[in-house]
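Number 450 in my numbering belongs to position 433 of the sequence shown; there are no gaps in the numbering.
Glycine included, each C-beta is placed from N, C-alpha and C at the ideal position.
Note sheet for the following structure.
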Amino acid sequence: MVSVKLTILGGGGFRVPLVYKALLADESPERVTELRLYDTDSQRLAAITAVLEELAAGAEESPSLTSTTDLGEALAGTDFVFSAIRVGGTQGRALDEQISLSHDVIGQETVGAGGISYALRGIPAVLRIIEGIKQHAPEAYVINFTNPAGVITEVMQRELGPRVIGICDSPVGMARRIMDVLKGAGLVPADVPSLSAGSDRIRLKYAGLNHLGWLTGLLVDGEDVLPRLLERADLIETFEEGRLFGAPLIQALRAVPNEYLHYYYFSREDLAIDKVSDKTRGRFLAEQQKGFYEKTDDGLSPYQRWERTRREREETYMATNREAAGNFERDDADMETGGYDKVALAIMHAIANDVPAELILNVANNGILADLDDTAVVEIPCRVDGSGVTPIEGAELPDHGRGIVINAKYVERRTMEAALTGSRQAALLAIGHHPLVDSFHVAEELLDDLVAAFPEELAYLT
Numbered sequence: 018m019v020s021v022k023l024t025i026l027g028g029g030g031f032r033v034p035l036v037y038k039a040l041l042a043d044e045s046p047e048r049v050t051e052l053r054l055y056d057t058d059s060q061r062l063a064a065i066t067a068v069l070e071e072l073a074a075g076a077e078e079s080p081s082l083t084s085t086t087d088l089g090e091a092l093a094g095t096d097f098v099f100s101a102i103r104v105g106g107t108q109g110r111a112l113d114e115q116i117s118l119s120h121d122v123i124g125q126e127t128v129g130a131g132g133i134s135y136a137l138r139g140i141p142a143v144l145r146i147i148e149g150i151k152q153h154a155p156e157a158y159v160i161n162f163t164n165p166a167g168v169i170t171e172v173m174q175r176e177l178g179p180r181v182i183g184i185c186d187s188p189v190g191m192a193r194r195i196m197d198v199l200k201g202a203g204l205v206p207a208d209v210p211s212l213s214a215g216s217d218r219i220r221l222k223y224a225g226l227n228h229l230g231w232l233t234g235l236l237v238d239g240e241d242v243l244p245r246l247l248e249r250a251d252l253i254e255t256f257e258e259g260r261l262f263g264a265p266l267i268q269a270l271r272a273v274p275n276e277y278l279h280y281y282y283f284s285r286e287d288l289a290i291d292k293v294s295d296k297t298r299g300r301f302l303a304e305q306q307k308g309f310y311e312k313t314d315d316g317l318s319p320y321q322r323w324e325r326t327r328r329e330r331e332e333t334y335m336a337t338n339r340e341a342a343g344n345f346e347r348d349d350a351d352m353e354t355g356g357y358d359k360v361a362l363a364i365m366h367a368i369a370n371d372v373p374a375e376l377i378l379n380v381a382n383n384g385i386l387a388d389l390d391d392t393a394v395v396e397i398p399c400r401v402d403g404s405g406v407t408p409i410e411g412a413e414l415p416d417h418g419r420g421i422v423i424n425a426k427y428v429e430r431r432t433m434e435a436a437l438t439g440s441r442q443a444a445l446l447a448i449g450h451h452p453l454v455d456s457f458h459v460a461e462e463l464l465d466d467l468v469a470a471f472p473e474e475l476a477y478l479t
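Spelled out as structure tokens, the structure:
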């Protein structure tokens with residue numbers, strides 16, 4: 018068996034065990050044989066390493082495991098780099114929310130002012146990672162999950178080219194839930210397998226940017242079955258996105274929006290709920306993860322403690338949006354995501370084994386979406402095989418989505434300009450042009466408060 022090396026940047030991140038479990042389940046000839054975890058926080062790294070070691074103890078064959086705080090050691094000669102860093106940690110996310118809400122602005126970590134702040138902190142760190150990859154692993158494929166994924170992927174692609182691929186589990190998770198509803202209602206053949214990355218019987222028509230896209234078609238054996246869902250309001254409101262947005266909106270759009278578009282379609286309701294919530298998502302995760310990483314004496318093993326925390330995390334995902342949509346609870350089907358770990362593994366499997374797969378990925382546009390330039394990173398269906406990643410022709414934005422996508426890409430580009438050149442003016446243009454920020458004066462105040470809250474990370478904008 019050929020040795021395949023994978024490096025995870027942000028190796029102390031809470032979701033790393035999901036990737037490791039996927040690696041343990043992989044039986045392909047070119048599977049990962051060596052895993053390296055890199056993190057700047059040794060305490061977090063040790064906690065996750067303990068979870069992985071417990072998982073490995075119960076496996077017949079497992080990748081060798083190295084944990085390090087040395088970037089060069091982590092990258093040297095690696096084949097794949099999985100980037101999932103969080104500059105400022107969950108406390109930074111909580112601060113973004115707190116500051117945004119104090120100005121009556123939604124502060125979600127990838128949407129609006131919170132997402133811009135996250136990118137402004139993250140891009141300088143990503144530039145250092147880029148230099149490390151150039152030096153130690155110039156031929157590696159980079160799979161980016163660092164948020165905001167579209168922005169970070171585009172920054173990395175400018176320096177490292179098309180070997181950088183951005184991923185997100187939201188689109189395939191949504192499509193899987195829809196497929197399960199259609200199968201349960203007898204509207205698709207019973208022998209169609211559950212949707213998984215790379216299924217050759219199922220094709221998705223999806224287009225947009227990361228956390229800003231729409232499913233406009235769902236082809237099973239060449240036939241679009243999405244209209245069967247759109248005709249049935251009762252079925253629409255049985256899966257998570259359907260309950261979030263409601264049948265009237267989805268039927269009017271003739272498309273199913275990515276869950277994060279809830280912040281755009283229901284901005285007033287989401288802001289109102291966030292402002293009175295005793296715990297925003299960032300605050301909840303900061304407190305919850307603090308409990309996990311500090312290893313309280315609760316009699317649980319590292320993996321048991323992690324699994325308990327993971328379950329609670331999934332149950333509370335997008336809780337304020339669900340409250341705004343009627344306060345419904347997540348069921349087990351909702352909590353089964355598309356699996357960013359499975360998407361990452363599918364990319365590595367397709368490239369290393371030259372086994373074609375079709376996945377929704379963040380890649381350079383290269384003429385696919387007419388409204389955006391070639392270098393703009395977009396989220397569209399792609400073919401992945403031993404030669405790399407190729408966007409599939411035919412993806413297009415729904416008419417109702419074109420304006421918001423063009424505006425969002427402008428905001429992303431000004432955010433990148435601010436981080437790459439130190440331009441305060443570009444940062445203000447990014448914040449002020451975001452549709453969830455309704456005043457340039459508020460944008461100025463927000464930026465001042467963000468710089469004050471992150472004096473080390475954002476000092477370049479003073």
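Check, Outcome
"Extent of the continuous beta strand (DSSP E) to which L52 belongs", "E51 to Y55"
"Spatial neighbours of V122 in its chain, beta-carbon cut-off 6 Å, leaving aside the 5 residues before and after", "A130 and V454"
"Beta-ladder partner(s) of S100, from DSSP", "L26 and N161"
"Selection from I150, E44 and Q115 that minimises the alpha carbon distance to M173", "I150"
"Paired residues, beta bridge with C399 - DSSP", "L376 and P408"
"CB contact flag (H153, L92, <8 Å)", "yes"
"Nearest candidate by alpha-carbon position, reference L250, set I182, A425 and V273", "The sequence given here has Ala at residue 250, not Leu. Taking only the C-alpha atoms, the option nearest A250 is V273."
"Own chain, CB closer than 6 Å to T354, minus 5 neighbours either side, in chain order", "At T354, the pLDDT of 48 sits below 50, so the modelled position is not reliable and the matter cannot be decided from this model."
"Residue from I385, A369, G384 and I364 with nearest C-alpha to E375", "I364"
"Straight-line gap, S117 to V459 (C-alpha atoms, nearest Å)", "10 Å"
"Nearest-angstrom Cα separation, counted from A393 out to L235", "25 Å"
"Inter-stretch contact (C-beta, 8 Å, three-pair minimum) for the segment 92-102 and the segment 412-431", "no"
"C-beta atoms of L62 and L82 nearer than 8 Å", "no"
"First through last residue of the beta strand (DSSP E) which encompasses G230", "L229 to V237"
"CB-CB length for T163 against I102, believed under 8 Å", "5 Å"
"Option in A435, L252 and F99 with minimal Cα separation from V360", "F99"
"Helix, strand or coil at L446 according to DSSP, with G and I counted as helix", "helix"
"For K222, the residue or residues it bridges with in DSSP", "G234"
"DSSP-derived helix/strand/coil call for I146", "helix"
"Anticipated Cβ contact below 8 Å, G167 with G183, distance rounded", "6 Å"
"Residues sharing a beta bridge with S84, DSSP", "L54"
"Element boundaries [alpha helix (DSSP H), containing E184]", "According to the sequence shown, residue 184 is Ile rather than Glu. Careful: I184 lies outside any alpha helix (DSSP H) and carries neither H nor E."
"Beta-carbon spacing of A412, I423 below 8 Å", "no"
"Where V33 sits in the DSSP three-state scheme", "helix"
"Cβ contact check for the segment 268-284 and the segment 402-421: 3 or more pairs under 8 Å", "yes"
"Through-space distance from L389 to T233, alpha-carbon basis", "19 Å"
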